[in-house]
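Numbered according to my numbering, the sequence shown spans residues 3 to 91. Down below is the structure, laid out as structure tokens.
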Amino acid sequence: MSQQASVPQPGKNIQVIAPGLSRTATTSFSTALSILLDGPIHHGNGYIAAMDAPGLQVVPELMELHPKAIVICTAREPKAWVKSQQVAS
3 MSQQASVPQP GKNIQVIAPG LSRTATTSFS TALSILLDGP IHHGNGYIAA
53 MDAPGLQVVP ELMELHPKAI VICTAREPKA WVKSQQVAS
């Protein structure tokens, strides 16, 4: 599955901050959010959600800039996450 670059939409604000680590269903969650919220997922102005890296590194700043945004953190059982990381490497 290839990912297409998202393009920001002027006037859109971040509605969801999702600081989950990679390999915790962030791709599936991103796809669902882009459908449900009808907009591009990434970071910065014009995007409706920030996920994974680089959003993961700036959660406090994003929360301050977008106080109405919902924070949803995806997670995975630790042993399954490590195994998934090893397979992906």
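Glycine residues also receive a C-beta, built at the ideal position from the N, C-alpha and C atoms.
Residue i burial status per 10 Å Cβ neighbour count (16 or more: buried)
i          : result
residue 64 : buried
residue 72 : exposed
residue 37 : exposed
residue 32 : buried
residue 52 : buried
Nearest candidate by alpha-carbon position, reference residue i, set the options
i          : options        : result
residue 17 : 35, 24, 9, 26  : 35
residue 19 : 75, 30, 25, 42 : 75
Unbroken beta strand (DSSP E) run spanning residue i, endpoints
i          : result
residue 18 : 18–20
residue 51 : 51–53
Enclosing alpha helix (DSSP H) for residue i [first to last residue]
i          : result
residue 88 : 80–90
residue 38 : 28–38
residue 62 : 61–67
Cβ distance (whole Å) where residue i is taken to contact residue j below 8 angstroms
i          : j          : result
residue 26 : residue 77 : 6 angstroms
Is the number of C-beta pairs between the segment 9–24 and the segment 40–59 that are closer than 8 angstroms three or more? Under the 8 angstroms Cβ criterion, the segment 9–24 counts as touching the segment 40–59, having at least three qualifying pairs.
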